[in-house]
Structure formats: structure tokens, C-alpha cells
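Order-wise, the sequence lines are chains A and B.
Everything in the first sequence is counted per the numbering used here, starting at 35 for the first residue and increasing by one.
Everything in the second sequence is counted per the numbering used here, starting at 35 for the first residue and increasing by one.
Working notes, beginning with the structure itself.
2 protein chains.
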Amino acid sequence: MRVKKFPESGPKRRLLDAAEVLFAERGFESVSFRDITGSAETNIAALNYHFGSREVLIDLLIVHYANPVNEERLARLEAVERKWAGKATPIEEVCDAWLRPLQGMTRKSKLAEPLFQKLLGRIFALAPASFPPEAQQLQTHASNRFLKALSKALPALSGEELAWRAHFVEGATIHVLLGQNPLSNHASATPTTEAMLGRLIRFSAAGLREGVESEAPAKKGPQAIFDF
Amino acid sequence: MRVKKFPESGPKRRLLDAAEVLFAERGFESVSFRDITGSAETNIAALNYHFGSREVLIDLLIVHYANPVNEERLARLEAVERKWAGKATPIEEVCDAWLRPLQGMTRKSKLAEPLFQKLLGRIFALAPASFPPEAQQLQTHASNRFLKALSKALPALSGEELAWRAHFVEGATIHVLLGQNPLSNHASATPTTEAMLGRLIRFSAAGLREGVESEAPAKKGPQAIFDF
DNA sequence: GTCTATAAAGTGATAGAC
DNA sequence: GTCTATCACTTTATAGAC
């Protein structure tokens, strides 16, 4: 797998770091060319010299952060499916494979965790169509892959119903990443990401399972149908 | 209740209508002053003459559309609570009261329904802090009101847990309003809003209820009776 | 009320010196 | 590679004629 190598220091590195922080904090649309070069303490020409344009820089960041997440998702799903070979996999474990990679272990960034999550939220809140092709393809592939896994685990649900429920999970996830967490009011300090993630996984699994009597036709060999 | 009266025709009306469409389609940040006056076919000075600034116009739209939704939410919650006087209210009915007002019955706009929902999505995706005070106050009040209703219906959950779950519901809702619905791929045409709303309500209720044995002193029956 | 003209600042991007 | 200077354009907003 060829991964683009970014410099460890120098203006190019500073531009990348500055852009990450600014995009995470304010969103892609609200950060100008000059905001980035200003924050990176380079001259205005540096961004174009190193990246070609503002859009290219954004696409670079999308690929750089979204792809490792989606690769980690796929790897985890495969591990889960190997573990339950043939049998229906528990919804919680599928959700875990989908959501845990957002927590930050794929982080190749010096960003503090809350800021990094906000950046991931900004990225995944984008319409998939506005992803650069390199990231869009993997994103679509991973989504389809997980929909199939869910379909196998919840055969009672139609593809349409499942697509909607997965859409709800996606929305909840993005909102949490971007949040404004609901505990800013509460006395309790920043919750560990782990605790939040656990809550989100349980919530999502319950929503996905809604109305389904027994999610696992544990004794059946129907995986031939879904063998992919 | 004093509701600001907007003109039925003329440039001011055209500016409002044009702004609604553009903001719904592209988001607040991406629509310029000139986009609006251009689309409304007024001169560039008209927006400032009639509204003072771009920001004032946005605040006006937020108040104009968010407040009726929140008022409708509160009215519906009160109706539900009257209906179940004293007894714990079914989660589905609380979710219904919270979510149904987004469907469009509070719409005071000529916008087509999908576009109107996108506008509501844009509005409710904003940080509450960026609401104008007039709308922020009602928004906060309504949120707290519903959290209390949920807490009463699900006494087993801590305030913290409930706040997180409500946060997840909010995220799913915003994502659906903004969507990109997941059926653009499917052959089936635009789903009725009603069907989507039913799915979202059932999903949310299941997520909120997760892990709770008996949700109410008065249990049994509500799901069966309630027909979405 | 409506318009043209324009101000004052910001935008992405480039040329060309060092 | 890095910089200054600048281009061509868009941004919000206002002054002042009609």
C-alpha cells in the first residue's frame, strides 16, 4: 500500500498542521487560503507552491484521514466475521468494527483527540460525492460491505429498511464527532472517548435491531447466499 | 403570539424566498449576499436596505422556521402527557412529539417539502449558541422539557446517559433532514416523509430504550397499540 | 423605495526577484 | 525553496442620485 509521505518539518508540514486545526475548528468552507498560510506562518505563496491549490490540500486531508478509517473498518469486520465464521455475527460487534476506527487509533496526526474527531466529523459529514475519487471508492466499498454484514445478521429486515437504519447510525455518529457533547452542561468532565463510543454502539445496535425477534438464525447455513 | 408579518410580494418577499432556497441547497456559509440579490432579481443594495445585513436575514429565517417547530413540539408533548396523565408516557409518543413537527406541517413557506426539510436540517445543525437569542431560548427550553419527559418514561437511565442518547437521536434526525437519502440508489421512488418519519421514530425509541427492562411502571401494550 | 456607483477589505492564485 | 508584490476578482456594505 503506497501511503503518501509528508515531511516531518518545514513549511509544508506546518501548512498541513495548520490546515487540520483550522478545518477541524471552523469547517472547510469557512477557512480561507490566507487563514492557513497565516496560521502556518508561511508566505501566501507557499500553499500554492506545495499543494497547487486550496482544494487539492483539502482532498489530500480527506484521503489521508478517511482512508485509514475505512481500511481499519474493513479489517475489523473481517476479523469479526472470521471469529463467527459462518454464524451470524452479533450486531454490537459489527457496529464496533464500524465505529471504533473513528476513535482515533488510526490518527496519524498531532491533533488533540477532540479536535481530531471534529475533523473526522467534518470529513464524513461531506456528501460522498465530494470526496476525491481515491477516498470515495473506498468509502462506498466499506459502506456496502457493512450493509451486507448487517443484512446477514438481521435477515428479517429489507435492504431498504436497513439502509435507513444505517443512515440514522451515520447521522448520530457524525453529530457526536462534531459535538458539542451534551455533557458540557454537566459537572462531569470530558468523558473518555471509550465511554461515549460504548454508548453509541449500544444505541446503534438497539436501533438496528428494533422489531426483530431473534436476530440470529444461529442454526442455518444461509451464508452461501451472502457469501462475498 | 406575535408573529412577524412578511410581505406577500415585492422585493423583500423575493429576497426571503430566494434566500430560503439558496440556504437550503448550499448551506448558510456558501451563499453570498450577491447570490441572494442575484437570485431575487433585486439590486445589490436591496438586501441591506430591507434587512440590514446578511446575518440579520439568516437570524430572521432561523427564528421564523425553528420557533414554530419548537412550539409545535411542546404543544404535542403536552397533549401526549395529558393523554397519559400521571402515568409514564410511551417512548414512541414522546419521540413522535419531538420529531413529527419537523415533517413540514409547521411550514410557512412555499418551499417544496424536500427543500424545506433540508433548510430545517441546516438550521438545527447549527450550534445552539449561534441561534439568535429569540430562538435559542425556546430551543433550550424545549430540549430540557423533552429530556424531563424521557427521564420520567425511562427512570432507570441516568441524566448523563439520557443526554447522550438524545444527542444521538438529534444527529440521526439532522442527517435525515439534510440527506442524501439512502434510497437514491434503490429503484423505489422518493419515500413518503411519513414512512421515513415512522422509521426514525421506531429507531430512536429503540435506541433510547436500550438495556432498560421495563420502561415504565405502567408498561405493556403501548407498542402494540401504537401504529405508525 | 429603488437604483448606480463605489468603497474597503478579502479572495485564490501567480510572476518574478533572491 | 522562499519571498514580496501584485493581479483579477468577489466580498459585505454604503453614499447619494432619482
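Backbone N, C-alpha and C define an ideal beta-carbon position, used for all residues, glycine too.
Owing to the predicted nature of the structure, the values given are computational and were not obtained by experimental measurement.
Just measuring C-alpha positions, the residue of A/G120, A/E42, A/F57 sitting nearest A/A187 is A/G120.
A contact between stretches requires three or more CB pairs, one per stretch, nearer than 8 Å, and the region 126-137 of chain B meets this requirement with the region 96-115 of chain B. Less than 8 Å divides the Cβ of B/A200 from the Cβ of B/L181.
Identification of residues in the region 189-211 of chain A having a C-beta nearer than 8 Å to some C-beta of chain B yields G193, E194, E195, A197, W198, R199, A200, H201, F202, V203, E204, G205, A206, T207, I208, H209, V210, given in sequence order. The alpha-carbon of B/F165 is positioned some 16 Å away from that of B/E204. With a cut-off of 8 Å on Cβ pairs, the region 139-147 of chain B is not in contact with the region 205-213 of chain B, counting fewer than three such pairs. Annotation: A/T140 is outside any alpha helix (DSSP H) and is labelled neither H nor E by DSSP. In the DSSP annotation of this structure, the continuous segment of the alpha helix (DSSP H) that includes B/I125 starts and ends at 125-133. Where B/T174 is concerned, the enclosing alpha helix (DSSP H) starts and stops at 167-187. Nearest C-alpha to B/L111 among B/S177, B/V65, B/G245: B/S177. Put simply, the CB of A/G245 is near chain B, with a gap under 8 Å to one of its CB atoms. The beta carbons of A/L81 and A/F67 sit closer together than 8 Å.
Contact of A/F237 with chain B by beta-carbon distance below 7 Å involves R199, F202, G241, E244. Closest in C-alpha terms to A/P189, from the list A/S248, A/G72, A/D93, comes A/S248. The beta carbons of B/F57 and B/L160 sit about 11 Å from each other, so the pair does not count as a contact at 8 Å.
Taking the CA atoms as reference points, A/V128 sits about 11 Å from A/R236.
Nearest C-alpha to A/T207 among A/E195, A/A183, A/I157: A/I157. When Cβ-Cβ separations below 8 Å define contact, B/R233 makes contact with chain A. For B/P216, the three-state secondary structure derived from DSSP is coil. Contiguous alpha helix (DSSP H) elements confined to the region 76-114 of chain A occur at 79-85, taking only those with 4 or more residues. Each residue's CA atom was taken as its position, placing A/A74 and B/L91 some 34 Å apart.
Residue environment analysis places B/Y83 among the exposed positions, since fewer than 16 neighbouring C-beta atoms fall within 10 angstroms of its C-beta. For B/P148, the uninterrupted alpha helix (DSSP H) segment begins and ends at 147-159. In the DSSP assignment, B/A58 falls within the unbroken alpha helix (DSSP H) covering 45-60. A/L149 places its beta carbon less than 8 Å from that of A/V55.
For B/E115, the closest Cβ of chain A is not nearer than 8 Å.
The C-beta of B/A52 has 16 or more other C-beta atoms within 10 Å across all chains shown, which makes the residue buried. Ranked by how close their Cα comes to the Cα of A/F202, the residues A/A239, A/L49, A/R47 have A/A239 in first place.
For B/L234, the uninterrupted alpha helix (DSSP H) segment begins and ends at 227-243. Under the DSSP assignment, B/S73 falls in the alpha helix (DSSP H) whose first and last residues are 67-74. With a beta-carbon spacing of about 17 Å, A/E126 and A/T227 fall beyond the 8 Å limit used to define contacts. Cβ contact annotation for A/N77 (same chain, cutoff 8 Å, sequence separation greater than five): T71, in chain order. Across the structure, B/P216 and A/S192 are spaced so that their CA atoms are roughly 13 Å apart.
Non-local C-beta neighbours of B/R48 in its own chain, meaning closer than 6 Å and more than five positions away in sequence, comprise A74, ordered along the chain. Within chain A, the residues G61, E63, S64 have their CB atoms less than 8 Å from the CB of B/E63, given in chain order. Each residue's CA atom was taken as its position, placing B/A229 and B/M139 some 15 Å apart.
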